[in-house]
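Note sheet for the following structure.
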Amino acid sequence: MIEIRSVRKDYISKNTRVVGVDNVSLTIQTGEVYGIVGYSGAGKSSLIRCLNLLERPTKGNIIIDGIDLTSLSGKELRKQRQKTGMIFQHFSLVSSKTVFENVAFALKAAHKSKGVIKSRVLELLDIVGLSDKKDVYPAQLSGGQKQRVGIARALANNPTVLLCDEATSALDPTTTKAILQLLKKISRELGITIVLITHEMEVVKELCHRVAVMQDGRVIEEGSVYEIFSQPKQQLTKQFISSVLDFELPSHLIEESKGTIIQIQFEGPTAGESILSDALQKYSVKGNILHGKIEYIQDVPLGILIIELIGEAAEVQSALEYITNRTSSVEVLKHVTV
Amino acid sequence: MSLFDSVVNILPDLNKAFLETIYMVGISLAVALLIGLPLGVLLFTTTKNLIFENNVVNRSLGFAVNIVRSIPFIILLVALLPLTDLLTGSTIGPRAASVSLSVSAIPFFARIVESALREIDKGVIEAAIAVGATPWMIIKDVLLPEAKPGIIQGLTLTTISLIGYSAMAGTIGGGGIGDLAIRYGYYRYDNTVMITTIVVLICLVQIIQMVGDKASYLVNKR
Ligand SMILES: Nc1ncnc2c1ncn2[C@@H]1O[C@H](COP(=O)(O)OP(=O)(O)OP(=O)(O)O)[C@@H](O)[C@H]1O
Ligand SMILES: [Mg+2]
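Which chain is which? The protein sequence lines are A and B, in order. Take 1 as the starting number for the first sequence in the numbering used here and just add one per residue. Take 1001 as the starting number for the second sequence in the numbering used here and just add one per residue.
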């Protein structure tokens, strides 16, 4: 378990003070995949870098499995870091070392014997699917392969925590998918707690159990991924999830339509449709489905329907109220009052 | 006397002078490597946000290095005569000349090492810290290997500068090729010797540069 207690991180240079992290408290459960999202400069990197003390918090404590990192001596801290793997946006491999040597370095840091290092490195390269590249230098690898080396290095000493700072931001969509699958496998099979920074909600949807949204150094919203997707509270959160959930109707469709257009969000695969058909039966309103989709977030469906309601204004209003009362959210995209 | 004969005539002298130059440059290069390299590493690692961050040490070392670097070599040569006498028991000859050459080579090489280290991606150093490596491991397994091409180039540069400086040392009795050129070419107006020494120096520098470039290329895995 990772406990972040009232952590603050100030960057002081010359005569200015920049707040990186502003009084953040979070608890991340063991085995969880925890996402942190936010725009550039929100303090995501600053926060995650506090988790292995690459940045020392100005205030507050970081407690991992009962150990307060801020109280550790140099040697103890190095030991703790061996139990906390980290992967980076730009991979950060040693260019003068082969793939094998890059991974071996982490084991050497933990004072493992030559024999142990050899067998463990081969085992790790097998896990990340790079056995055939062991004697190659990083310059000869693709971005995705470099990140696999980064992951092998991070996992070398059987860490309990894996920190990922925009681990897929420098990769193309296909490679990103493959790396996310690998992280998913690691989370499931090794039970490692993963803390993952991203600015893509797709990644959160794909991988995370819980997520925190950061802005100006603060966590402004936090919860299970399903909660955040289905009931976002903050404006920024809504903006973020809209990249995944929103469907942009062609504007001419909206202009030309004669009815009221609403977007319904519902939890469960069919609930929305049955409520809709009930509403259409109950009131003398016609409904056209303009768009419909179901997102599976952590295997739980979240449905979106965009429909056009045509009928007498009063009837449409009643149908709208009926639907609103029975689904998790209804947004009116176009209102017609004739 | 034909040109050929006069060249053959000075061959024994040239050979001796050449070996003396190699000796002086070799010793100073070894000292530069032995002291300048750690000094360069220290200059780099004591800067802000690095493994041995220490403003006082960084400033003092930087200041000391700059002082030596700002003294023209010929003045350093004279100023260090007492130290030279103390260390080698003499103020003339290639052994004596090695002292001032070393003193000037140390800060020169240290700065080159420092700037080669600065070229390293900070993320790589951070990754090594994140993996729990000790500072010593980071220096040995990350900093030095990553900076190796730059350090080798710096070594080439230092060697070539040292050859130039060794000629200056020659003028005040240090021996070597510079000494030869001054004695024959300057005092006796012997153009053959002058030109021969120039040709020898050009070849020497070319070879060093070529070997240095090749070595730097071979160790560069980027
Ligand atoms: N080493 C540093 N020195 C000074 N200021 C810093 C430093 N690192 C970060 N900051 C500042 O702290 C704030 C948070 O930065 P941080 O890198 O944590 O943001 P981020 O959310 O990771 O952004 P991005 O998505 O661009 O990576 C920014 O205002 C940034 O300028
Ligand atoms: Mg960042």
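The beta-carbon is built from N, C-alpha and C at its ideal position, and this holds for glycine as well. A quick note: this is a predicted structure, and the numbers were derived from the prediction, not measured.
Chain B contact residues for Asn52 (chain A), given Cβ-Cβ distances below 7 Å | Working through the first sequence from its first residue, we reach residue 52 (chain A) at position 52. Within chain B, the residues near Asn52 (chain A) are Ala1130.
(request) Give the C-beta separation of Gly1173 (chain B) and Thr1021 (chain B) to the nearest angstrom, bearing in mind that I take them to be a contact with Cβ-Cβ under 8 Å. (result) Indexing the second sequence from 1 puts residue 1173 (chain B) at position 173. Indexing the second sequence from 1 puts residue 1021 (chain B) at position 21. Rounded to the nearest angstrom, the Cβ distance from Gly1173 (chain B) to Thr1021 (chain B) is 14 Å, too far for a contact under 8 Å.
Can you find a C-beta in chain B that's less than 8 Å from the C-beta of Gln82 (chain A)? Within the first sequence, numbered from 1, the residue matching residue 82 (chain A) stands at position 82. It does; some Cβ of chain B falls within 8 Å.
### Message
What does the alpha-carbon distance come out to for the pair Ile275 (chain A) and Arg326 (chain A)?
### Response
In the first sequence, residue 275 (chain A) corresponds to position 275, counting from 1. In the first sequence, residue 326 (chain A) corresponds to position 326, counting from 1. Their Cα atoms are separated by approximately 7 Å.
### Message
Taking 8 Å as the threshold (C-beta atoms), are Glu315 (chain A) and Ser277 (chain A) in contact?
### Response
Counting from one through the first sequence, the residue named residue 277 (chain A) turns up at place 277. Counting from one through the first sequence, the residue named residue 315 (chain A) turns up at place 315. No, the Cβ-Cβ distance between Ser277 (chain A) and Glu315 (chain A) is not below 8 Å.
According to DSSP, is Arg380 (chain A) part of a helix, a strand, or is it coil? With chain A running from 1 to 338 in the structure shown, residue 380 (chain A) is simply not present.
**Prompt:** Going by other Cβ atoms of all chains shown within 10 Å of its Cβ, with 16 needed for buried, is Ile289 (chain A) buried or exposed?
**Reply:** Numbered from its first residue, the first sequence carries residue 289 (chain A) at position 289. The residue is exposed, with fewer than 16 neighbouring Cβ atoms inside 10 Å.
Short of 8 Å Cβ to Cβ, which residues in the stretch 1116 to 1148 of chain B face chain D?
Here chain D cannot be found, since the structure's protein chains are A and B.
- prompt: When the distance is taken between beta carbons, is Tyr11 (chain A) closer than 8 Å to His199 (chain A)?
  reply: Numbered from 1 along the first sequence, position 199 holds the residue referred to as residue 199 (chain A). Numbered from 1 along the first sequence, position 11 holds the residue referred to as residue 11 (chain A). One thing to note: His199 (chain A) has its Cβ no nearer than 8 Å to the Cβ of Tyr11 (chain A).
Check your understanding: Under three-state DSSP, which class holds Pro301 (chain A)?
Key -> One-based indexing of the first sequence puts residue 301 (chain A) at position 301. The DSSP-derived three-state label of Pro301 (chain A) is strand.
Endpoints, the alpha helix (DSSP H) within which Lys108 (chain A) is located: Here residue 108 (chain A) corresponds to residue number 108 of the first sequence, with the count starting at 1. Note, Lys108 (chain A): alpha helix (DSSP H), Val99 to Ala109.
request  = Compare the C-beta of Lys133 (chain A) with all C-beta atoms of chain B and state if any pair is closer than 8 Å.
outcome  = Mapped onto the first sequence, residue 133 (chain A) falls at position 133. Answer no: the Cβ-Cβ gap between Lys133 (chain A) and chain B never drops below 8 Å.
Do you know how far the Cα of Thr324 (chain A) is from the Cα of Ser230 (chain A)? Taking the first sequence and counting its residues from 1, the one referred to as residue 230 (chain A) is at position 230. Taking the first sequence and counting its residues from 1, the one referred to as residue 324 (chain A) is at position 324. C-alpha separation (whole angstroms): 15 Å.
Check your reading: residues with Cβ closer than 7 Å to ligand 2 heavy atoms | Qualifying residues come out as A:Lys44, A:Ser45, A:Asp165, A:Glu166 and A:Ile197.
**Report entry** Per-residue burial, Met1210 (chain B) [other beta carbons within 10 Å of its own, 16 or more giving buried]
**Finding:** Position 210 of the second sequence, counted from the start, is the residue given in the question as residue 1210 (chain B). By the 10 Å Cβ count, Met1210 (chain B) comes out exposed.
### Query
Just by C-beta distance, which residues in the stretch 142 to 166 of chain A are closer than 9 Å to chain B?
For the stretch 142 to 166 of chain A, residues whose beta-carbon sits nearer than 9 Å to a beta-carbon of chain B comprise Gly150, Arg153, Ala154, Ala156, Asn157 and Leu163.
Residues in its own chain within less than 8 Å of Ala1079 (chain B) by CB, not counting five upstream and five downstream? Position 79 of the second sequence, counted from the start, is the residue given in the question as residue 1079 (chain B). So the qualifying residues of the chain are Ile1071.
Do Val336 (chain A) and Gly345 (chain A) have their beta-carbon atoms positioned less than 8 Å apart in this structure? Only positions 1 to 338 of chain A appear in this structure, which leaves residue 345 (chain A) out of reach.
### Task
Quick one: grab the DSSP three-state call for His291 (chain A).
Reading the first sequence from its first residue, position 291 is the one you call residue 291 (chain A). Strand at His291 (chain A).
The beta strand (DSSP E) spanning Asp10 (chain A) covers which residue range?
Numbered from 1 along the first sequence, position 10 holds the residue referred to as residue 10 (chain A). Where Asp10 (chain A) is concerned, the enclosing beta strand (DSSP E) stretches over Ile2 to Ser13.
Please list, in chain order, the chain A residues whose beta carbon lies closer than 8 Å to that of Lys1214 (chain B).
Numbered from 1 along the second sequence, position 214 holds the residue referred to as residue 1214 (chain B). Chain A residues near Lys1214 (chain B): none, gap ~17 Å exceeds 8 Å.
* **Interface partners of Lys1221 (chain B) on chain A, CB under 7 Å** => Within the second sequence, the letter at position 221 stands for residue 1221 (chain B). The CB of Lys1221 (chain B) comes closer than 7 Å to the CB of Ser95, Ser96, Tyr137 and Ala139 in chain A, given here in chain order.
query: How far does the alpha helix (DSSP H) with Glu227 (chain A) in it reach, from first residue to last?
result: As a position in the first sequence, residue 227 (chain A) is number 227, starting the count at 1. For Glu227 (chain A), the enclosing alpha helix (DSSP H) covers residues Val225 to Ser230.
| request: Anything in chain B within Cβ reach of His90 (chain A), meaning under 8 Å, just list it in chain order. | output: Here residue 90 (chain A) refers to the residue found at position 90 when the first sequence is read from its first residue. Under the 8 Å cutoff, chain B gives Asp1121 and Gly1123.
Closer than 7 Å: Ala212 (chain A) CB and nearest ligand 1 heavy atom: On the first sequence, position 212 is the one that residue 212 (chain A) refers to. Ala212 (chain A) has its Cβ no nearer than 7 Å to any heavy atom of ligand 1.
_4 or more residues per run - each alpha helix (DSSP H) lying fully within the stretch 1058 to 1131 of chain B_ = Listed in chain order, the alpha helix (DSSP H) runs fully inside the stretch 1058 to 1131 of chain B are 1073 to 1079, 1081 to 1088, 1094 to 1118 and 1122 to 1130, counting runs of at least 4 residues.
Per-residue contacts from Arg78 (chain A) into chain B (C-beta, under 8 Å):
Taking the first residue of the first sequence as 1, we reach residue 78 (chain A) at position 78. Annotation: Cβ neighbours of Arg78 (chain A) in chain B (cutoff 8 Å, chain order): Gly1132, Ala1133 and Thr1134.
Which one or two residues does DSSP pair with Ser329 (chain A) in a beta bridge?
Within the first sequence, the letter at position 329 stands for residue 329 (chain A). Residue pairing from DSSP places Ser329 (chain A) in a beta bridge opposite A:Gln265.
**Request:** Could you tell me if the beta carbon of Tyr322 (chain A) falls within a distance shorter than 7 Å of some heavy atom in ligand 1?
**Result:** Counting from 1 along the first sequence, the entry for residue 322 (chain A) is found at position 322. Because no heavy atom of ligand 1 lies under 7 Å away, the Cβ of Tyr322 (chain A) does not count as near it: no.
Problem set entry | Whole-angstrom distance between Leu305 (chain A) and Asp246 (chain A), CA atom to CA atom | Here residue 246 (chain A) refers to the residue found at position 246 when the first sequence is read from its first residue. Here residue 305 (chain A) refers to the residue found at position 305 when the first sequence is read from its first residue. Distance between the alpha carbons of Asp246 (chain A) and Leu305 (chain A): 10 Å.
task: Could you have a look at Tyr1217 (chain B) and say whether DSSP puts it in helix, strand or coil?
output: Along the second sequence, read from residue 1 onward, the residue named residue 1217 (chain B) stands at position 217. It is helical.
Beta carbon of Gly20 (chain A): closer than 7 Å to some heavy atom of ligand 1? One-based indexing of the first sequence puts residue 20 (chain A) at position 20. Yes.
Test item: CB-CB of Val219 (chain A) and Thr237 (chain A) under 8 Å
On the first sequence, residue 219 (chain A) is found 219 positions in, with the first residue counted as 1. On the first sequence, residue 237 (chain A) is found 237 positions in, with the first residue counted as 1. In this structure, the beta-carbon distance from Val219 (chain A) to Thr237 (chain A) does not fall below 8 Å.
query = Taking 7 Å as the cut-off, does the CB of Ser40 (chain A) come closer than this to any heavy atom belonging to ligand 1?
reply = Counting from 1 along the first sequence, the entry for residue 40 (chain A) is found at position 40. Within 7 Å of the C-beta of Ser40 (chain A) there is at least one heavy atom belonging to ligand 1.
request  = Give the C-beta separation of Thr193 (chain A) and Gly292 (chain A) to the nearest angstrom, bearing in mind that I take them to be a contact with Cβ-Cβ under 8 Å.
outcome  = If you number the first sequence from 1, residue 193 (chain A) lands on position 193. If you number the first sequence from 1, residue 292 (chain A) lands on position 292. Their Cβ separation, rounded to whole angstroms, is 37 Å, which puts Thr193 (chain A) and Gly292 (chain A) out of contact at 8 Å.
message: Helix, strand or coil, according to DSSP, for Tyr1184 (chain B) in the structure here?
response: For the purposes of this step, residue 1184 (chain B) is identified with residue 184 of the second sequence, where counting begins at 1. Looking at Tyr1184 (chain B) - three-state DSSP - the assignment turns out to be helix.
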